[in-house]
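Numbering (this note's numbering), first residue to last: 10 to 275. Glycine residues also receive a C-beta, built at the ideal position from the N, C-alpha and C atoms. Note that the structure is predicted; figures quoted are calculated from it, not measured. Notes follow once the structure below has been shown.
Printed below as a string of structure tokens:
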């Protein structure tokens with residue numbers, strides 16, 4: 010790979026990172042909000058390096074043209090042998106300034122970030138993961154009296170399988186997530202994907218929904234209903250499921266990669 014191409018790749022990669030992190034919110038498909046400043050910094054550094062490399066190449070080209078215009082000196086007394094000139098200063102006969110051809114593969118992700126950013130994680134990922142295990146909880150605060158009661162998927166799961174007081178029994182619950190199809194025809198799960206750092210460590214938490222329409226995968230919905238009876242509530246035998254009364258389509262919330270109560274999309 011020639012050095013001018015290296016400069017172009019650095020510039021494209023820098024522009025791609027800045028496009029998804031500084032000028033748009035596309036980076037939030039792959040990383041948490043707290044990682045955005047580092048992406049902006051990385052994109053800025055790559056862009057500067059690319060411009061500096063291009064400027065260096067331009068100066069070398071101008072310098073080479075100037076040398077062609079000046080008379081050449083007599084090199085008859087040069088101590089170098091023909092072999093020295095053939096092999097260069099390294100003496101190995103190889104151009105060590107070249108970059109491996111595999112570096113061309115950087116062109117695809119650089120162009121992708123600029124023109125076609127990969128979609129956010131969703132139903133395809135969640136359907137192939139085991140649900141995230143919730144932590145053990147010994148004490149539960151009393152539930153608010155609101156009806157329906159907004160809850161996160163994690164809180165609902167923990168209450169169903171660990172709250173011995175069964176405070177969730179008979180309560181109208183409202184939860185938000187996206188649709189992940191189940192293995193049986195017509196079955197589906199309300200799902201959230203949680204990122205610790207980036208898409209590589211994504212984990213999903215799912216609630217089985219009974220009733221309501223089977224909407225297309227990745228449709229964001231707000232579901233209101235009551236716990237689906239089964240097993241013994243407050244123990245591991247209780248199913249993490251909801252009998253839906255209403256299912257309403259919504260816009261993906263801005264905190265889509267968390268399991269917090271939703272707030273509006275930006």
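In terms of alpha-carbon separation, which member of the options lies closest to residue i?
i	options	result
residue 202	63, 227 and 125	227
residue 170	245, 28, 143 and 142	245
residue 249	257, 236 and 161	236
residue 196	113, 224 and 211	224
residue 30	46, 19 and 17	46
residue 148	62, 174 and 137	174
residue 254	119, 221 and 113	221
residue 168	233, 242 and 125	242
residue 17	38, 44, 59 and 32	59
residue 56	258, 22 and 67	22
residue 264	209, 204, 234 and 182	204
residue 172	146, 62 and 256	146
residue 158	44, 139 and 183	183
residue 138	190, 271, 110 and 124	190
Alpha carbon to alpha carbon, how far is residue j from residue i? Give it in angstroms, no decimals.
i	j	result
residue 15	residue 35	25 Å
residue 25	residue 52	7 Å
residue 238	residue 165	14 Å
residue 251	residue 219	6 Å
residue 143	residue 213	11 Å
residue 269	residue 160	8 Å
residue 64	residue 71	11 Å
residue 207	residue 41	6 Å
residue 141	residue 188	17 Å
residue 258	residue 113	43 Å
residue 198	residue 260	18 Å
residue 20	residue 49	14 Å
residue 162	residue 234	13 Å
residue 210	residue 177	31 Å
residue 247	residue 193	20 Å
residue 256	residue 229	10 Å
residue 33	residue 240	47 Å
residue 179	residue 120	53 Å
residue 43	residue 271	18 Å
residue 124	residue 69	32 Å
residue 181	residue 217	16 Å
residue 95	residue 62	For residue 95, the predicted structure reports a pLDDT of 46, less than 50, and the residue's modelled location is therefore unreliable. A value from the coordinates is still provided. When rounded, the distance between both Cα atoms is 27 Å.
residue 110	residue 116	11 Å
Would you call residue i buried or exposed, if buried means 16 or more other Cβ atoms sit within 10 Å of its Cβ?
i	result
residue 215	buried
residue 54	exposed
residue 13	exposed
residue 27	buried
residue 262	buried
residue 118	exposed
residue 67	exposed
residue 200	buried
residue 122	buried
Just checking my contact of residue i with residue j at CB under 8 Å: how many whole Å lie between their CB atoms?
i	j	result
residue 185	residue 231	5 Å
residue 38	residue 135	That belief does not hold up - the Cβ atoms of residue 38 and residue 135 are roughly 15 Å apart, past 8 Å.
**Message:** Between the stretch 146 to 155 and the stretch 117 to 134, can you find at least three pairs of beta-carbon atoms closer than 8 Å?
**Reply:** Output reads no: the stretch 146 to 155 does not touch the stretch 117 to 134.
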